[in-house]
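A short worksheet on the structure shown next.
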Amino acid sequence: MPTEDSLPRIDVQDTPEGRTVRLAGAWTAAQLTVPAVWAALTAQLKRLGAPGAVPSAGQWHLAGLDKLDYLGAQVLWNHWRHRWPEALEIEPEQRAMLENVEKFTVAPPAPPPSPWSEPLVVLGGRLLNLLGHAKGLLRLLGQLLLDVLRLLRHPAQGPWRDLSGHLYHFGATALHITALVGFLIGVVLAYLISQQLRQFGADAFIVNILGISLIRELGPVLAAILIAGRSGSAITAQIGVMRVTEELDAMRVMGIAKGFRLVMPRALALSLVMPLISAWTTIAALLGGMLAAYVAMDVTPSFFINALPAAVKVSNLVLATAKSVVFGLLIALIGCHYGLRVKPNTESLGQGTTASVVTSITVVILVDALFAVLFRNVGI
Amino acid sequence: MAMAPSAPVVQIDKLWTVFHNGEKQTVIHKDLDLTIERGQIVSLVGGSGTGKTVLLRQMLGLETPARGEITVLGRPAAELGKRGAASRVGMLFQQGALFSAFTVLENIAFPLRELKCLPAALIREAAMVKLQMVGLPPDAAEKMPSDLSGGMVKRVALARALIMDPPLLLLDEPTAGLDPDSSDSFCALLRSLHQSMCLTVVMVTHDLDTIFELSTRVAVLAQQKVIIHDTPQKVVAFDHPFIHDFFLGERGQRAMALLPGSPVPL
Numbered sequence: 191m192p193t194e195d196s197l198p199r200i201d202v203q204d205t206p207e208g209r210t211v212r213l214a215g216a217w218t219a220a221q222l223t224v225p226a227v228w229a230a231l232t233a234q235l236k237r238l239g240a241p242g243a244v245p246s247a248g249q250w251h252l253a254g255l256d257k258l259d260y261l262g263a264q265v266l267w268n269h270w271r272h273r274w275p276e277a278l279e280i281e282p283e284q285r286a287m288l289e290n291v292e293k294f295t296v297a298p299p300a301p302p303p304s305p306w307s308e309p310l311v312v313l314g315g316r317l318l319n320l321l322g323h324a325k326g327l328l329r330l331l332g333q334l335l336l337d338v339l340r341l342l343r344h345p346a347q348g349p350w351r352d353l354s355g356h357l358y359h360f361g362a363t364a365l366h367i368t369a370l371v372g373f374l375i376g377v378v379l380a381y382l383i384s385q386q387l388r389q390f391g392a393d394a395f396i397v398n399i400l401g402i403s404l405i406r407e408l409g410p411v412l413a414a415i416l417i418a419g420r421s422g423s424a425i426t427a428q429i430g431v432m433r434v435t436e437e438l439d440a441m442r443v444m445g446i447a448k449g450f451r452l453v454m455p456r457a458l459a460l461s462l463v464m465p466l467i468s469a470w471t472t473i474a475a476l477l478g479g480m481l482a483a484y485v486a487m488d489v490t491p492s493f494f495i496n497a498l499p500a501a502v503k504v505s506n507l508v509l510a511t512a513k514s515v516v517f518g519l520l521i522a523l524i525g526c527h528y529g530l531r532v533k534p535n536t537e538s539l540g541q542g543t544t545a546s547v548v549t550s551i552t553v554v555i556l557v558d559a560l561f562a563v564l565f566r567n568v569g570i
Numbered sequence: 150m151a152m153a154p155s156a157p158v159v160q161i162d163k164l165w166t167v168f169h170n171g172e173k174q175t176v177i178h179k180d181l182d183l184t185i186e187r188g189q190i191v192s193l194v195g196g197s198g199t200g201k202t203v204l205l206r207q208m209l210g211l212e213t214p215a216r217g218e219i220t221v222l223g224r225p226a227a228e229l230g231k232r233g234a235a236s237r238v239g240m241l242f243q244q245g246a247l248f249s250a251f252t253v254l255e256n257i258a259f260p261l262r263e264l265k266c267l268p269a270a271l272i273r274e275a276a277m278v279k280l281q282m283v284g285l286p287p288d289a290a291e292k293m294p295s296d297l298s299g300g301m302v303k304r305v306a307l308a309r310a311l312i313m314d315p316p317l318l319l320l321d322e323p324t325a326g327l328d329p330d331s332s333d334s335f336c337a338l339l340r341s342l343h344q345s346m347c348l349t350v351v352m353v354t355h356d357l358d359t360i361f362e363l364s365t366r367v368a369v370l371a372q373q374k375v376i377i378h379d380t381p382q383k384v385v386a387f388d389h390p391f392i393h394d395f396f397l398g399e400r401g402q403r404a405m406a407l408l409p410g411s412p413v414p415l
């Protein structure tokens, strides 16, 4: 803690022979980084370096210092504008320290000039990066196909324990959150729709609207987005950590294919789990909608359940299931892709995980739109 | 820092460390005493599991002992982690613990910059001086930690530990993972910094060469205590099974050739 006598100070005496500057106190990092002390010292130094004066002029006495460290020496050296004073009384250690500072003080590098072509280079870099991602994903997909063929030929060699573990983690442990979110969305949607429908006296149509929108669109998409956030990030983080800790390299050295051992079980598990989770979310949302319809509009659950098969054709279920399989596959592949691209440092791991979640959610919505356009004549 | 120049830098008094593992209790240190004087280079040695690194972490206030007191620079170790802690004690972690998001220069300047008091240009210059003092070229300043070799990581971490000129420097396995050449030059660097910056150094190491080359004192941890804390020559002459195995094995014999006037029993 700063005490009175250890505060860094400057005593100046102007005599006819010239100026004498005596330094006192502790010129150390601990002292100089106390804001009040620093402000006082800079004010003193400023007064010393009056306009026109040579800052290193006069007799300098450093022998009276309690302590000098490298930060103090740097402050002094900068005040002298990188020149030794004309007369200096100094201890040998202090001189050695200042000589070190003199030797090692370098001018900051000039900022590199930004050429006119830089925006083009940035744009090109981004395009190439995008192309690299597309290529990586395509390669992953092709490898997955080959791995699945290998699994079909030698089913006994398959990583079945991994698969069952992933099924549990991606599927069973996600049941609560997907059910809760689905149920609440169902309630909110049904309540809002009922307000509108009541104006037209078209209460019974709530079954059609809820049935089609939840089963065909919202259930699968909602489930996919939740799973992308939950399992997509987990996949990237797992594989990324394996990269950081060199486990991936260890596997490669042992001749174990990462596609067969890491990517395939995750992709298979997620494409198996996704339609199930999607059906589960849809059921939860329908239950929520049914409850809200009963409370808000007196549409009884028995009427709801009886009217549902007529309102929603079976082809919608097929479409929703097919969509979910694709979503699951894409989320797993994108997760693996970003995980495998992680560089062996922690910052890259964080970036990879974020990019993986953002990309998989975007891709899920894009693919959903594609499905909506392609199958616009099916089931409606 | 108002303390007498002769006061010990680190004083450990009746220290107990107990690890709880479910129902089981493991006593690591039992009534351990250790006093480290100013200006010494002390090596903590001991078999694996004798709590060398734990002791180092307790000196830093990162862990709290079950019983006993640790006084560092005249104040309890638990008070170390306050504002400006980097000016009291510097720590070189085993893996360097550099911030991977920062460049080398930003890493070194970080403790000063976080105090938000000094101008950026001064901080930059101070960091550049430290960067070159640990033997790195100025153009290493803009590199990222992931681009550095193991030896360079240690040097950058050392520069960061010394940015505020702390009187006490703690090292955890300073030469582990370095090739013999970089290990030797790192030892030489530590010795020259120890002289020029009036440092007190406490290190945990298994490297016999480092122990004999650098340390002025060796503290041996065994049987939950410091069994001896003395000059390397005296420690080697002390009769204890661990010391016998550790220093007088084949490797020890080779390393001890470094020791002036060593009593090598052949």
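As given, the protein sequences belong to chains A and B, one line each in that order. Note that our numbering has the first sequence beginning at 191, numbered continuously upward. Note that our numbering has the second sequence beginning at 150, numbered continuously upward. Positions of the beta carbon are idealized from the N, C-alpha and C atoms, including for glycine.
Quiz item: Any beta-carbon of chain A closer than 8 Å to the one on residue 156/B?
Solution: Taking Cβ atoms only, chain A never reaches closer than 8 Å to residue 156/B, which makes this a no.
Quiz item: Is it buried or exposed for residue 358/A, if we count other Cβ within 10 angstroms and need 16 for buried?
Solution: exposed
Quiz item: With 16 as the cutoff for other CB atoms within 10 Å, does residue 544/A come out buried or exposed?
Solution: exposed
Quiz prompt | Cutoff 8 Å: residue 225/B Cβ touching any chain A Cβ | solution = no
Self-check item: Beta-bridge partners of residue 374/B, as assigned by DSSP
Solution: 371/B
Practice problem: Check whether the Cβ of residue 240/B lies closer than 8 Å to any Cβ atom in chain A. | Solution: no
Quiz prompt | Listed by chain order, chain C residues near residue 259/A by CB distance under 7 Å | solution = The chain inventory of the structure shown lacks chain C, comprising the protein chains A and B.
Exercise. Report buried or exposed for residue 151/B, applying the criterion of at least 16 other Cβ atoms within 10 angstroms of its Cβ.
Key: Note that residue 151/B has pLDDT 43, beneath the 50 cutoff, so the model's placement of it is unreliable and no number is given.
Quiz item: Does DSSP classify residue 215/A as helix, strand or coil?
Solution: strand
Quiz item: Touch check for the segment 560-570 of chain A and the segment 501-512 of chain A: three-plus C-beta pairs under 8 Å?
Solution: yes
Practice problem: Put residue 195/B into one of helix, strand or coil per three-state DSSP. | Solution: The answer is strand: DSSP assigns residue 195/B an E or B state.
Quiz item: Span of the alpha helix (DSSP H) holding residue 483/A?
Solution: Note, residue 483/A: alpha helix (DSSP H), 454-487.
Quiz item: Ordered along the chain, which non-local residues of its own chain (more than five positions away) have a Cβ less than 8 Å from that of residue 277/B?
Solution: 254, 287 and 290
Quiz item: Closer than 8 Å, CB to CB, is residue 415/B near chain A or not?
Solution: Low local confidence applies: a pLDDT of 43 at residue 415/B is under 50, so the model's placement there is unreliable, with the coordinate-based value given in what follows. Residue 415/B does not count as touching chain A.
Quiz item: Between the beta-carbon of residue 444/B and the beta-carbon of residue 528/A, is there less than 8 Å?
Solution: Chain B is shown only over 150 to 415; residue 444/B falls outside these bounds and no answer can be derived.
Quiz item: Which runs of the beta strand (DSSP E) fall wholly inside the segment 263-330 of chain A and span at least 3 residues, in chain order?
Solution: 277-279
Exercise. Determine the chain A residues that contact residue 96/B at a beta-carbon separation under 8 Å, and present them in chain order.
Key: Examination of residue 96/B is not possible in this model, given that chain B is present from 150 through 415 alone.
Practice problem: Report the three-state DSSP secondary structure of residue 344/A (helix, strand or coil). | Solution: DSSP places residue 344/A outside both helix and strand once states are collapsed to three, so it counts as coil.
Practice problem: State the CB to CB distance for the pair residue 369/B and residue 377/B, rounded to an integer number of angstroms; the pair is presumed to be in contact (CB under 8 Å). | Solution: 5 Å
Quiz prompt | Segment contact flag, the segment 303-311 of chain A with the segment 267-284 of chain A, C-beta cutoff 8 Å, min 3 pairs | solution = no
Quiz item: For residue 224/B, which three-state DSSP category applies?
Solution: strand
Practice problem: Kindly say whether residue 341/B, judged by its beta-carbon, lies nearer than 8 Å to any beta-carbon of chain A. | Solution: no
Quiz item: So, helix, strand or coil for residue 205/A, using DSSP?
Solution: Strand.
Practice problem: Output the residue ranges of the beta strand (DSSP E) runs that lie fully inside the segment 347-422 of chain A and measure 3 residues or longer, sorted by chain position. | Solution: none
Quiz prompt | Cβ pair count under 8 Å reaching 3, the segment 322-337 of chain A against the segment 512-530 of chain A | solution = The segment 322-337 of chain A vs the segment 512-530 of chain A: in contact.
Exercise. May I have the straight-line CA-CA distance separating residue 292/B from residue 252/B, to the nearest angstrom?
Key: Inter-residue distance for residue 292/B and residue 252/B is about 5 Å (C-alpha atoms, whole angstroms).
Self-check item: Whole runs of the alpha helix (DSSP H) within the segment 268-354 of chain B, excluding any shorter than 4 residues
Solution: 269-282, 299-310 and 329-345
Exercise. Give every residue of the same chain whose Cβ lies closer than 6 Å to the Cβ of residue 486/A, excluding the five residues on either side of it in the sequence, and list them in chain order.
Key: 381 and 384
Quiz item: If residue 546/A sits next to residue 426/A, beta carbons under 8 Å apart, how far is it from one beta carbon to the other, in whole angstroms?
Solution: 4 Å
Practice problem: Can you check DSSP and say which residues form a bridge with residue 170/B? | Solution: 173/B
Quiz item: Excluding the five sequence neighbours on either side, which residues of its own chain have a C-beta within less than 7 Å of the C-beta of residue 192/A, listed in chain order?
Solution: For residue 192/A, the predicted model reports a pLDDT of 45, less than 50, meaning its position is unreliable; a value from the coordinates is still stated below. Here the set comprises 221, 224 and 227.
Quiz item: Can at least three beta-carbon pairs, one atom from the segment 346-355 of chain B and one from the segment 187-197 of chain B, be found at a separation below 8 Å?
Solution: At 8 Å Cβ cutoff, the stretches touch.
Self-check item: Distance, residue 400/B Cα to residue 413/B Cα
Solution: Confidence is the limiting factor: at residue 413/B the pLDDT is only 48, short of 50, which leaves the residue's position unreliable and the question unanswerable from this model.
Quiz item: So is residue 322/B buried or exposed if we call it buried at 16+ other beta carbons inside 10 Å?
Solution: buried
Quiz prompt | Separation of residue 274/A from residue 251/A, as counted between CA atoms | solution = 13 Å
Quiz item: Along chain B, in chain order, which residues have C-beta atoms closer than 7 Å to that of residue 228/A?
Solution: Contacts between residue 228/A and chain B, judged by CB atoms closer than 7 Å, involve 266 and 267 in chain order.
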